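Heads up: the sequence shown begins at 1 in my numbering, then just goes up one per residue.
We put the CB at the ideal spot given by N, CA and C, even for glycine.
None of these values were measured; they are calculated from a predicted model.
In what follows, a structure is listed as structure tokens, so that the remarks can point back to it.
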Amino acid sequence: MYSLRRRSRRWIPLASPFLGCLFLYYLFAVHSLPHAFFSQTLVFDQQGQSNSDNEVRCPPLPGIENVLVVLKTGVTEVREKLPVHFNTTLKCIPNYVIFSDFEEDVAGVHVNDVLRNIDPVVKQTNPDFEIYNRLQQQGRQGLRPFDLRDDANTPTGKPNNPGWKLDKWKFLPMVDEALSVKPDAKWYVFMEADTYIFWANLMQWLSKFDARQPHYLGTETQIADVIFAHGGSGFMLSNPAMRRASDQRAAHAAELDEFVNIHWAGDCVLGKVLADAGVPLRFTWPLLQNSRLAEVDTLTTDFYRKPWCFPAVGYHHMSPEEIEFMWQFEQNRYRKTNDALLLHSDIFREVIHPQIELENPRNDWDNLSGEEHPTSRSFENCKTRCQKDLHCFQYSWRDDRCFTAKTPRLGVNSVGAQSAWMSDRINNTIKRMGTCRKVDWGL
């Protein structure tokens with residue numbers, strides 16, 4: 001039953017092969033970019049706020065007491081990426097658990113070994129567990145330089161990274177382990193160390209579902225014939241869905257161990273188990289984004305939904321600095337407005353657009369324009385091309401090549417690159433899009 005042809009993962013809301021190619025670039029090329037120092041340029045308006053006002057203000061989160069947040073991480077990243085969450089995203093969360101591949105304490109919080117109950121024969125004979133077994137014997141002193149190397153992403157992940165190869169084994173056991181931590185939770189929210197969740201938005205969204213029914217919510221992704229929730233974007237399972245997945249795993253334990261072995265994506269394996277248990281995925285884009293703030297394309301019209309009036313529930317690929325920035329933005333905004341609901345349009349107006357205008361044009365910056373124009377021979381030529389094309393919102397010059405785009409994105413630091421945005425066109429579009437009269441939850 002558990003067999004799967006090897007194919008690249010792809011995003012579901014694609015309307016054509018052309019868009020499919022665009023998304024593969026977006027998913028693998030863009031996400032293989034370094035985080036650079038994106039957050040060093042971020043500035044938000046703190047006018048009227050006291051510098052000494054550091055008191056955390058948790059917005060009302062009705063139902064949060066019935067939620068268990070599960071944060072998945074790994075020994076090679078946990079010390080760098082986890083601590084920021086304890087003072088930001090997890091600060092207002094009463095019930096959470098940290099799962100990793102190595103048991104230890106980080107910043108005074110216990111990190112659990114989610115692989116502890118994997119079949120010992122699998123752990124002793126499968127080469128994916130080489131790093132795991134080494135650390136069980138030697139502790140952190142057993143880490144080697146190649147364990148910590150951050151390989152570039154590929155259509156099949158990071159096959160040369162030991163921690164990444166081990167990660168796929170965590171998805172099924174963390175369902176059972178989460179149930180043992182809080183068996184009475186109505187919802188289980190899964191995130192990773194580079195995921196940012198907007199909790200007020202999430203709780204409003206979850207309140208629209210009957211938690212007594214099996215629900216599986218996440219950003220739609222596909223490998224071969226399996227449709228599943230992308231793990232890093234965050235995904236949510238109701239208690240009945242968790243129990244169906246747990247029962248399915250128990251009934252096919254050896255078969256599933258072999259399936260995980262031949263596969264490369266643990267989130268896909270979990271999606272397959274849920275589908276076989278009668279729990280299909282509910283598509284959630286653009287509420288959950290497989291993007292960090294710098295990459296979000298708020299004005300896109302290429303897909304089956306337009307993000308503008310949708311709430312932002314989660315971002316992925318967020319650095320600790322970006323997580324800290326967004327948390328401070330949320331806190332300051334809530335102090336000023338007493339309104340915790342954040343739409344993608346709010347974030348574009350209040351965060352992304354001000355950052356674009358902060359320095360325009362900008363040196364050593366790539367705004368991720370994707371349409372190449374080989375005949376443009378300089379940054380000025382690139383500017384002229386964009387000005388003449390009324391649909392052009394931004395342009396960049398990198399590697400002696402001109403690129404333009406029909407929607408604006410913030411982008412990332414990139415030494416030697418130059419980027420600029422068409423401010424008037426962006427401003428006019430913001431005015432035309434206007435204020436959302438109704439929040440779109442995609443239901």
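Per DSSP, what kind of secondary structure is H85 in: helix, strand or coil? Under the three-state reduction of DSSP output, H85 falls in the helix class.
Starting from Y188, trace the beta strand (DSSP E) both ways and give me its first and last residue. That run of the beta strand (DSSP E) goes 187-192.
Looking at C-alpha atoms only, which residue of P162, D194, F129, E322 is the closest neighbour of R144? The residue with the shortest Cα to Cα distance from R144 is P162.
Rounded separation between D364 and K388 - CA only: D364 and K388 have their alpha carbons spaced roughly 25 Å apart.
Consult DSSP for D364 and reduce its assignment to one of helix, strand or coil. Strand at D364.
Check whether L217 and M236 have beta carbons under 7 Å apart: Cβ atoms of L217 and M236: closer than 7 Å.
Quick one: grab the DSSP three-state call for F228. Reduced to three states, the DSSP call for F228 is strand.
Please name the residue, chosen from I356, R212, D399, that lies closest to E372 on a Cα-to-Cα basis. Among I356, R212, D399, the Cα nearest to that of E372 belongs to D399.
What are the boundary residues of the beta strand (DSSP E) that Y334 is part of? Not the beta strand (DSSP E): Y334 falls in the alpha helix (DSSP H), residues 320-337.
Hey, H344 and A312 are a contact pair by Cβ (cut 8 Å); roughly how many whole angstroms apart? Confirmed, Cβ separation roughly 5 Å.
Starting from the Cα of A193, find the closest Cα among Q137, N133, K81, N112 and give me that residue. Comparing Cα-Cα distances from A193 to each of Q137, N133, K81, N112, the minimum goes to K81.
Which of the three DSSP states is assigned to G370 in this structure? Three-state DSSP puts G370 in coil, outside helix and strand.
Looking only at its own chain, which residues have a Cβ that is under 8 Å from the Cβ of F436, when we skip the five neighbours before and after it? Residue identity differs from the one stated: residue 436 is Cys in this sequence, not Phe. These residues qualify, in order along the chain: W308, C309, L343, S345.
Can you find the residues in the same chain that come closer than 7 Å, C-beta to C-beta, to N66, ignoring five residues on each side of it along the sequence? Taking N66 as the centre and dropping the five residues before and after it, the same chain places the C-beta of A185, K186, W187 closer than 7 Å to its C-beta, in chain order.
For V84 versus S100, is the C-beta spacing smaller than 7 Å? Cβ atoms of V84 and S100: not closer than 7 Å.
Determine which residues share a DSSP beta bridge with F283 and list them. Paired residue(s): G218.
C402 versus S423 - alpha carbon distance: So the two alpha carbons sit approximately 19 Å from each other.
Please report how far the alpha carbon of S238 lies from the alpha carbon of I93, in whole angstroms. The alpha-carbon atoms of S238 and I93 are separated by roughly 18 Å.
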